[in-house]
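Encoded as structure tokens, the structure appears first; notes follow it.
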Amino acid sequence: MRKKLVACLLGVSAMSALVTGQLVYAEEYYDDGTYYDIDSYNEEYYDDGSYSEEYSDDSSESAGSSDSWYQTPRTDIQRGGGERETPDENGQIHSYLTGQLTDAEVALQRPVAVMINNIINALPQSGIENASVIYEAPVEGEITRMMAIFDSVDGIDKIGPVRSCRDYYIDWALEFDAIYVHYGQAVYAYDLLNSDMVNNISGLQYQDSVGELNGYAGEDVFFRSSDRVAPHNCYTSGEGILKGIERKGYSMELDNDYTGHFKFAADGETVTYPEGTATHIVPHKYTNYPFFDYDTTTEKYLRSEYPDRSAGAAQIDDTTGDQLAVDNVIIQYCEIQNYDDHGYLNINTNSGGDAILFTKGTYEHATWVKDSDWGPVKYYDADGNEIAINQGKTWVCIVQDTRKDDTSFE
């Protein structure tokens, strides 16, 4: 089927309500009108809330850049070791994502990690309040993107908007032995996604620079909504994801040696941290300017972002209208460099570094450590003891280690 490249400009048709005259996105259109995102462009916000996405053809770039943290897909998958928890009389064990008692059938299946669009045109997102863990990290143009990790996607009708992969998100997904769901990818993720190491579900079937993409599982895994313009209107569902997993033949059973990422408080116990209290947290100053406010009634951290823009501050789930709320917030500082002049980021997910943990309105400075490329990150206090978090949902904010001054809390 013949393809043609179409660059869509703002200022025409339905997109004129956004920003006039700026390049918004580039896509491959087939003759029958179907399309997919190339996603080789940069996004940048201006002070008035508008933004531009400047298309750049990266097909000639090598995924094995000389300044990358690693040159080729790694093969030393190590996920820890230890015996599985024995189900109680109700057939439950503790979830590896939340620490809460969960049906063993759910707790022992692999989680699903979905890439989520987080620019203002993508708000409000759908389905993400069902996630047990959320990772938020910068991508090019000072924006952030999220990865929502689900214990189970059963019964979730709409998840998204789904966006494209960056290689460092694959690392975090593999820390949880998760199946990774995305729509498109940056050039630096191609080799890893197309390796046997990553079980991924992709919305793209073909990429000019690499050919067929291993993760494609059929066009019905994803769908487009009519209330937004591409690329901010791509969604998936629990049914679609499970259909894709079945078609790809991926195992849904956790690796036998997987013993979890976080250390959780025991049943009936509550963790508080000794350094002090903080009820308002600003993790970073990327373009969405997010913050968390601790609600003493629910004992959860309520998430907000884009406080000065039309979408408002409270970050809600479009399905329910509820503000996103978590039990733990972790700020994890990482070394970050640029891969190239297009602004694609090279985040070191293995080196270890500083972190700050928040729970129950208290905080503690920590060190994060990773013992192997794919092993889970662990958090330690100044005496070398692993730090526990409270049972429940967790939000991990990845922040450049040279921008610690952007973090504030009180």
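As numbered in mature numbering (1 follows the signal peptide of the UniProt record, and there is no 0), residues -26 to -1, 1 to 384 make up the sequence shown, in order. Ideal Cβ positions, reconstructed from N, Cα and C, are used throughout, including at glycine. Quick caveat, the model's predicted, so the values are computed rather than measured.
Mind pulling the alpha helix (DSSP H) runs of 4 or more residues that sit fully within the region 58 to 97? Within the region 58 to 97, the complete alpha helix (DSSP H) segments at least 4 residues long are 78 to 81, listed from N- to C-terminus.
Quick one: grab the DSSP three-state call for G212. helix
Specify the secondary structure class of V373 as computed by DSSP and reduced to three states. DSSP places V373 in the strand class (E or B) of the three-state scheme.
In its own chain, which residues sit with a C-beta less than 7 Å from the C-beta of K344, not counting the 5 before and 5 after it? Here the set comprises N324, G326, V351.
How many angstroms separate the CA atom of Y247 from the CA atom of F150? 25 Å
Which one of G335, H206, D314, C308 has the shortest CA to CA distance from A329? Closest option to A329, Cα to Cα, is C308.
Taking only the alpha-carbon atoms, compute the straight-line gap between V203 and G358 and give it to the nearest angstrom. 49 Å
Could you give the C-beta distance for R277 and P264, rounded to a whole number, given that I count them as a contact under 8 Å? 7 Å
Taking three-plus beta-carbon pairs below 8 Å as touching, is the region 205 to 216 in contact with the region 233 to 252? no
Where do the N-terminal and C-terminal ends of the alpha helix (DSSP H) with E149 fall, by residue? 141 to 149
Simplified DSSP state of L319, which is helix, strand or coil: strand
Which residues in the same chain have their Cβ closer than 8 Å to the Cβ of I130, if we skip the five residues on either side of it in sequence? A distance below 8 Å between beta-carbons, with the five flanking residues on each side excluded, links I130 to the following residues of its chain, in chain order: G101, N104, F124, S211, G212.
Going straight from the alpha carbon of Y142 to that of L178, what length do you get? Cα atoms of Y142 and L178: separation of roughly 19 Å, rounded to the nearest angstrom.
According to DSSP, is N104 part of a helix, a strand, or is it coil? helix
Endpoints, alpha helix (DSSP H) assigned at D296: Premise fails: D296 is in no alpha helix (DSSP H) and is neither H nor E.
Tell me the residue span of the alpha helix (DSSP H) that contains L167. 164 to 167
K237: beta carbon under 7 Å from a heavy atom of the ligand SAM? Absence of the ligand SAM is noted for the structure shown, with no ligands found whatsoever.
Going by DSSP, what residue range makes up the beta strand (DSSP E) through V256? 254 to 256
Under 6 Å Cβ to Cβ from D292, same chain only, skipping five residues before and after it: list those, please. P98, S100
State the beta-bridge partners of M120 as determined by DSSP. I90, E110
So, using beta-carbon positions, are E249 and Y337 closer together than 8 Å? yes
Unbroken beta strand (DSSP E) run spanning W342, endpoints: 336 to 343
Reduced DSSP category for D170 - H, G, I as helix; E, B as strand; rest coil: coil
Using the DSSP secondary-structure output, state which residues sit across from E311 in a beta bridge. At residue 311 the sequence reads Gln, which differs from the Glu that was named. Looking at the DSSP assignment, Q311 forms a beta bridge with N320.
With respect to the beta strand (DSSP E) encompassing S278, which residues constitute its N-terminal and C-terminal limits? Unbroken beta strand (DSSP E) run through S278: 274 to 278.
Give a yes or no on whether the C-beta atoms belonging to I175 and A163 are separated by under 8 Å. no
Going by DSSP, which residues form a beta bridge with T333? Under DSSP, T333 shares a beta bridge with N302, T336.
Should S138 go down as buried or exposed, given a rule of 16 or more other Cβ atoms within 10 Å for buried? It is buried - the Cβ of S138 has at least 16 other Cβ atoms within 10 Å.
Count the other C-beta atoms from every protein chain shown that fall within 10 angstroms of the C-beta of D347, then say buried if there are 16 or more, exposed otherwise. buried
N-terminal and C-terminal residue of the beta strand (DSSP E) that F238 is part of: Unbroken run through F238: none, as it is neither H nor E.
Under 6 Å Cβ to Cβ from Q374, same chain only, skipping five residues before and after it: list those, please. I310
One question on the structure: do Y280 and I117 come within less than 8 Å of each other, judged by their Cβ atoms? no
Using the DSSP secondary-structure output, state which residues sit across from I363 in a beta bridge. F238
In whole angstroms, what separates the C-alpha of D229 from that of P85? 11 Å
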